[in-house]
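Letter by letter, the sequence shown follows residues 113 to 343 in the working numbering.
C-beta atoms are modelled at their ideal positions from N, C-alpha and C, and glycine is treated no differently.
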Amino acid sequence: MWWPETSLSVPEDVVLLQQHLLEALAPYAPGYTTEQLGQMARGVAEHCAPICRQGIPTSALNGQVARALWSVGARDAARHWLDEQIAERTVRTTLEALLQLKRVPTWMWRVAADGVVVYHDDWPSGGDHGLWTLDVQRIPGWSEHLLLAQTMMIRTLLNALEPLWQPVDGRGTLGVRPSPRKAERAQDWTGFCRDALRVAQRRNGWSHVPHVWRLPDVNAQARWDIGEEDR
(Lines of atoms letter the chains of each structure in order from A; the text may use other names.)
(Lines give C-alpha, C1' and ligand atoms only; values in the text may rest on other atoms or scores of the structure.)
Protein backbone atom coordinates (compact mmCIF):
# COMPACT_ATOMS: atom_id res chain seq x y z
CA MET A 113 0.00 0.00 0.00
CA TRP A 114 1.52 3.35 1.02
CA TRP A 115 3.40 2.21 4.13
CA PRO A 116 7.14 2.84 4.57
CA GLU A 117 9.51 0.04 5.47
CA THR A 118 10.83 -0.24 9.02
CA SER A 119 13.34 -2.43 10.83
CA LEU A 120 12.37 -5.76 12.33
CA SER A 121 14.14 -7.67 15.09
CA VAL A 122 13.03 -11.21 14.22
CA PRO A 123 14.66 -13.91 12.07
CA GLU A 124 13.89 -13.63 8.37
CA ASP A 125 15.02 -17.16 7.52
CA VAL A 126 12.18 -19.69 7.63
CA VAL A 127 14.16 -22.25 9.66
CA LEU A 128 15.33 -19.70 12.22
CA LEU A 129 11.86 -18.18 12.48
CA GLN A 130 10.35 -21.64 12.91
CA GLN A 131 12.70 -22.40 15.81
CA HIS A 132 11.98 -18.99 17.34
CA LEU A 133 8.23 -19.63 17.13
CA LEU A 134 8.50 -23.18 18.44
CA GLU A 135 10.22 -21.98 21.59
CA ALA A 136 7.83 -19.07 22.02
CA LEU A 137 4.63 -21.02 21.37
CA ALA A 138 5.24 -23.93 23.71
CA PRO A 139 3.98 -22.15 26.86
CA TYR A 140 0.82 -20.98 25.08
CA ALA A 141 -0.30 -24.30 23.64
CA PRO A 142 -0.06 -26.90 26.42
CA GLY A 143 -2.52 -29.24 24.71
CA TYR A 144 -0.33 -29.74 21.66
CA THR A 145 2.31 -32.42 21.16
CA THR A 146 5.85 -31.49 20.14
CA GLU A 147 5.12 -32.72 16.63
CA GLN A 148 1.95 -30.62 16.39
CA LEU A 149 3.76 -27.55 17.68
CA GLY A 150 6.52 -28.16 15.13
CA GLN A 151 4.02 -28.35 12.28
CA MET A 152 2.26 -25.25 13.52
CA ALA A 153 5.51 -23.30 13.89
CA ARG A 154 6.64 -24.37 10.41
CA GLY A 155 3.35 -23.29 8.82
CA VAL A 156 3.39 -19.94 10.59
CA ALA A 157 7.07 -19.39 9.71
CA GLU A 158 6.49 -20.15 6.03
CA HIS A 159 3.60 -17.69 6.04
CA CYS A 160 5.38 -14.92 7.93
CA ALA A 161 8.96 -15.10 6.64
CA PRO A 162 8.20 -13.27 3.37
CA ILE A 163 6.39 -10.60 5.39
CA CYS A 164 9.44 -10.20 7.65
CA ARG A 165 11.54 -9.36 4.62
CA GLN A 166 9.20 -6.48 3.82
CA GLY A 167 10.41 -4.78 7.00
CA ILE A 168 7.12 -4.45 8.85
CA PRO A 169 7.02 -3.38 12.52
CA THR A 170 7.46 -6.10 15.12
CA SER A 171 3.96 -5.56 16.51
CA ALA A 172 2.54 -5.99 13.00
CA LEU A 173 4.43 -9.27 12.64
CA ASN A 174 3.01 -10.41 15.97
CA GLY A 175 -0.43 -9.74 14.55
CA GLN A 176 0.41 -11.92 11.55
CA VAL A 177 1.68 -14.70 13.82
CA ALA A 178 -1.50 -14.53 15.89
CA ARG A 179 -3.58 -14.58 12.72
CA ALA A 180 -1.77 -17.67 11.46
CA LEU A 181 -2.36 -19.41 14.80
CA TRP A 182 -6.00 -18.37 14.75
CA SER A 183 -6.46 -19.76 11.23
CA VAL A 184 -5.29 -23.25 12.28
CA GLY A 185 -7.65 -23.32 15.25
CA ALA A 186 -5.15 -22.38 17.97
CA ARG A 187 -7.21 -19.41 19.14
CA ASP A 188 -6.14 -19.51 22.78
CA ALA A 189 -2.52 -19.61 21.66
CA ALA A 190 -3.18 -16.63 19.38
CA ARG A 191 -4.62 -14.58 22.25
CA HIS A 192 -1.82 -15.59 24.61
CA TRP A 193 0.73 -14.64 21.96
CA LEU A 194 -0.66 -11.13 21.71
CA ASP A 195 -0.95 -10.81 25.50
CA GLU A 196 2.68 -11.69 26.00
CA GLN A 197 4.27 -10.06 22.97
CA ILE A 198 2.51 -6.68 22.85
CA ALA A 199 2.62 -4.41 25.89
CA GLU A 200 0.40 -1.58 24.64
CA ARG A 201 -3.19 -2.49 25.39
CA THR A 202 -4.81 -0.54 22.55
CA VAL A 203 -2.57 -2.18 19.94
CA ARG A 204 -3.19 -5.60 21.45
CA THR A 205 -6.97 -5.08 21.54
CA THR A 206 -6.99 -3.83 17.96
CA LEU A 207 -4.98 -6.75 16.63
CA GLU A 208 -7.21 -9.22 18.47
CA ALA A 209 -10.30 -7.59 16.94
CA LEU A 210 -8.76 -8.01 13.48
CA LEU A 211 -8.37 -11.73 14.11
CA GLN A 212 -12.13 -12.05 13.67
CA LEU A 213 -11.84 -11.19 9.97
CA LYS A 214 -11.58 -13.94 7.38
CA ARG A 215 -9.02 -11.95 5.44
CA VAL A 216 -6.70 -9.21 6.66
CA PRO A 217 -4.43 -7.45 4.14
CA THR A 218 -0.77 -7.44 5.16
CA TRP A 219 -0.70 -3.64 5.25
CA MET A 220 -3.64 -3.61 7.68
CA TRP A 221 -1.45 -5.06 10.44
CA ARG A 222 0.93 -2.15 9.94
CA VAL A 223 -1.95 0.34 10.07
CA ALA A 224 -3.13 -1.17 13.37
CA ALA A 225 0.36 -1.39 14.85
CA ASP A 226 0.99 2.29 14.05
CA GLY A 227 -2.27 3.45 15.61
CA VAL A 228 -3.93 4.66 12.41
CA VAL A 229 -6.92 2.46 13.22
CA VAL A 230 -7.60 1.56 16.86
CA TYR A 231 -10.33 -0.46 18.52
CA HIS A 232 -11.51 0.72 21.96
CA ASP A 233 -13.47 -1.97 23.77
CA ASP A 234 -13.66 0.20 26.90
CA TRP A 235 -15.44 3.17 25.36
CA PRO A 236 -18.20 3.95 27.91
CA SER A 237 -20.87 4.70 25.29
CA GLY A 238 -20.00 1.90 22.93
CA GLY A 239 -22.13 -0.87 24.42
CA ASP A 240 -21.10 -4.26 23.11
CA HIS A 241 -19.74 -2.85 19.86
CA GLY A 242 -16.91 -0.61 21.08
CA LEU A 243 -15.41 2.28 19.13
CA TRP A 244 -13.14 2.20 16.10
CA THR A 245 -11.06 5.30 15.48
CA LEU A 246 -9.33 6.43 12.31
CA ASP A 247 -6.45 8.81 13.00
CA VAL A 248 -5.52 10.60 9.80
CA GLN A 249 -2.59 12.30 11.54
CA ARG A 250 -0.78 8.99 11.83
CA ILE A 251 -0.78 8.16 8.13
CA PRO A 252 2.83 8.69 6.97
CA GLY A 253 3.20 11.66 4.67
CA TRP A 254 -0.53 12.41 4.78
CA SER A 255 -0.18 16.16 4.20
CA GLU A 256 2.14 15.56 1.24
CA HIS A 257 -0.46 13.59 -0.72
CA LEU A 258 -2.92 15.10 -3.15
CA LEU A 259 -6.60 15.09 -2.24
CA LEU A 260 -7.33 12.25 -4.68
CA ALA A 261 -4.66 10.06 -3.06
CA GLN A 262 -5.96 10.91 0.41
CA THR A 263 -9.48 9.97 -0.65
CA MET A 264 -8.28 6.63 -2.01
CA MET A 265 -6.41 5.94 1.26
CA ILE A 266 -9.47 6.59 3.41
CA ARG A 267 -11.68 4.52 1.11
CA THR A 268 -9.22 1.62 1.19
CA LEU A 269 -9.11 1.71 4.99
CA LEU A 270 -12.90 1.77 5.25
CA ASN A 271 -13.22 -1.13 2.80
CA ALA A 272 -10.81 -3.15 4.93
CA LEU A 273 -12.76 -2.33 8.12
CA GLU A 274 -16.18 -2.96 6.60
CA PRO A 275 -16.32 -6.70 7.47
CA LEU A 276 -15.99 -5.80 11.16
CA TRP A 277 -19.53 -4.37 11.12
CA GLN A 278 -21.00 -7.31 9.20
CA PRO A 279 -21.61 -9.62 12.22
CA VAL A 280 -23.29 -6.78 14.19
CA ASP A 281 -25.58 -5.71 11.34
CA GLY A 282 -23.92 -2.33 10.96
CA ARG A 283 -24.05 -1.32 14.61
CA GLY A 284 -21.05 0.54 15.98
CA THR A 285 -19.20 3.83 15.96
CA LEU A 286 -16.28 5.21 13.95
CA GLY A 287 -14.35 8.20 15.27
CA VAL A 288 -12.34 10.21 12.74
CA ARG A 289 -9.46 12.45 13.80
CA PRO A 290 -8.33 14.70 10.92
CA SER A 291 -4.91 16.21 10.44
CA PRO A 292 -4.53 19.55 12.30
CA ARG A 293 -2.97 21.04 9.21
CA LYS A 294 -6.13 20.19 7.32
CA ALA A 295 -8.54 21.21 10.05
CA GLU A 296 -10.78 22.92 7.54
CA ARG A 297 -11.48 19.55 5.95
CA ALA A 298 -12.49 17.85 9.21
CA GLN A 299 -16.16 17.95 8.39
CA ASP A 300 -15.48 16.71 4.87
CA TRP A 301 -13.71 13.58 6.07
CA THR A 302 -16.36 12.69 8.62
CA GLY A 303 -18.98 13.26 5.95
CA PHE A 304 -16.99 11.18 3.48
CA CYS A 305 -16.78 8.30 5.96
CA ARG A 306 -20.47 8.62 6.79
CA ASP A 307 -21.45 8.43 3.11
CA ALA A 308 -19.10 5.52 2.49
CA LEU A 309 -20.59 3.55 5.37
CA ARG A 310 -24.11 4.27 4.15
CA VAL A 311 -23.12 2.78 0.82
CA ALA A 312 -21.70 -0.21 2.73
CA GLN A 313 -25.02 -0.52 4.58
CA ARG A 314 -26.96 -0.80 1.32
CA ARG A 315 -24.41 -3.14 -0.23
CA ASN A 316 -24.45 -5.51 2.76
CA GLY A 317 -28.11 -5.18 3.69
CA TRP A 318 -27.37 -3.96 7.23
CA SER A 319 -30.28 -2.77 9.35
CA HIS A 320 -28.04 -0.07 10.84
CA VAL A 321 -25.18 2.13 9.74
CA PRO A 322 -22.21 2.90 12.02
CA HIS A 323 -22.28 6.34 13.61
CA VAL A 324 -19.45 8.61 12.50
CA TRP A 325 -17.94 11.15 14.91
CA ARG A 326 -15.23 13.76 14.51
CA LEU A 327 -12.49 13.58 17.11
CA PRO A 328 -11.50 17.22 17.72
CA ASP A 329 -7.88 16.82 18.86
CA VAL A 330 -5.24 14.35 19.88
CA ASN A 331 -6.24 14.55 23.56
CA ALA A 332 -9.88 13.72 22.90
CA GLN A 333 -9.25 10.00 22.84
CA ALA A 334 -7.97 10.00 26.41
CA ARG A 335 -10.93 12.05 27.63
CA TRP A 336 -13.51 10.26 25.48
CA ASP A 337 -14.64 13.74 24.50
CA ILE A 338 -15.46 12.93 20.92
CA GLY A 339 -17.21 16.03 19.72
CA GLU A 340 -20.37 16.12 17.69
CA GLU A 341 -21.77 13.42 15.48
CA ASP A 342 -21.75 14.24 11.82
CA ARG A 343 -25.40 14.17 10.77
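TODO: Pair every Cβ in the region 194-208 with every Cβ in the region 142-154, then say whether three or more of these pairs are closer than 8 Å.
DONE: no
- [ ] Could you say which of Q262, G242, L243, H241 lies nearest to T249 if we only look at CA atoms?
- [x] Taking the sequence shown and counting its residues from 1, the one referred to as residue 249 is at position 137. Thr is not the amino acid found at residue 249; the sequence shown has Gln there. If we check each option's Cα against that of Q249, Q262 comes out closest.
- [ ] Please classify V324: does DSSP put it in a helix, a strand, or coil?
- [x] Here the question's residue 324 lines up with position 212 in the sequence shown. Residue state, collapsed to three classes: strand.
TODO: Leaving aside the five residues before and after Y231 along the sequence, list all residues of the same chain whose C-beta is less than 7 Å from its C-beta, in chain order.
DONE: Numbered from its first residue, the sequence shown carries residue 231 at position 119. Excluding sequence neighbours, Y231 sits near T205, T206, A209, G242, W244.
Task: Where T302 falls, given that 16 or more other Cβ within 10 Å makes a residue buried - done: As a working mapping, residue 302 is identified with position 190 in the sequence shown. When all chains shown are included, T302 counts as buried.
- [ ] Rounded to whole angstroms, what's the CA-CA distance from R306 to T146? Just pull it up for me.
- [x] The residue given as residue 306 occupies position 194 in the sequence shown. The residue given as residue 146 occupies position 34 in the sequence shown. So the alpha carbons of these two residues sit roughly 50 Å apart.
Task: Buried versus exposed, by CB contacts within 10 Å (16 or more), L246 - done: Along the sequence shown, read from residue 1 onward, the residue named residue 246 stands at position 134. With 16 or more Cβ atoms within 10 Å of its Cβ, L246 is classed as buried.
Task: Alpha-carbon to alpha-carbon, P328 and W193 - done: Here the question's residue 193 lines up with position 81 in the sequence shown. Here the question's residue 328 lines up with position 216 in the sequence shown. Those two C-alpha atoms are separated by around 34 Å.
Task: Distance, L258 Cα to P252 Cα - done: Stepping through the sequence shown from its first residue, residue 252 is reached at position 140. Stepping through the sequence shown from its first residue, residue 258 is reached at position 146. Using only the alpha carbons, I get a separation of about 13 Å.
- [ ] Just grab the DSSP bridge partners of D247 for me.
- [x] The count along the sequence shown starts at 1 and reaches residue 247 at position 135. D247 pairs with R289.
Task: One or two residues paired with Y231 in a DSSP bridge - done: Stepping through the sequence shown from its first residue, residue 231 is reached at position 119. In the DSSP output, where bridge partners are listed per residue, Y231 has W244.
Task: P279 - DSSP class collapsed to helix/strand/coil - done: Here residue 279 refers to the residue found at position 167 of the sequence shown. In the structure shown, P279 sits in coil (DSSP, three-state: anything other than H, G, I, E or B).
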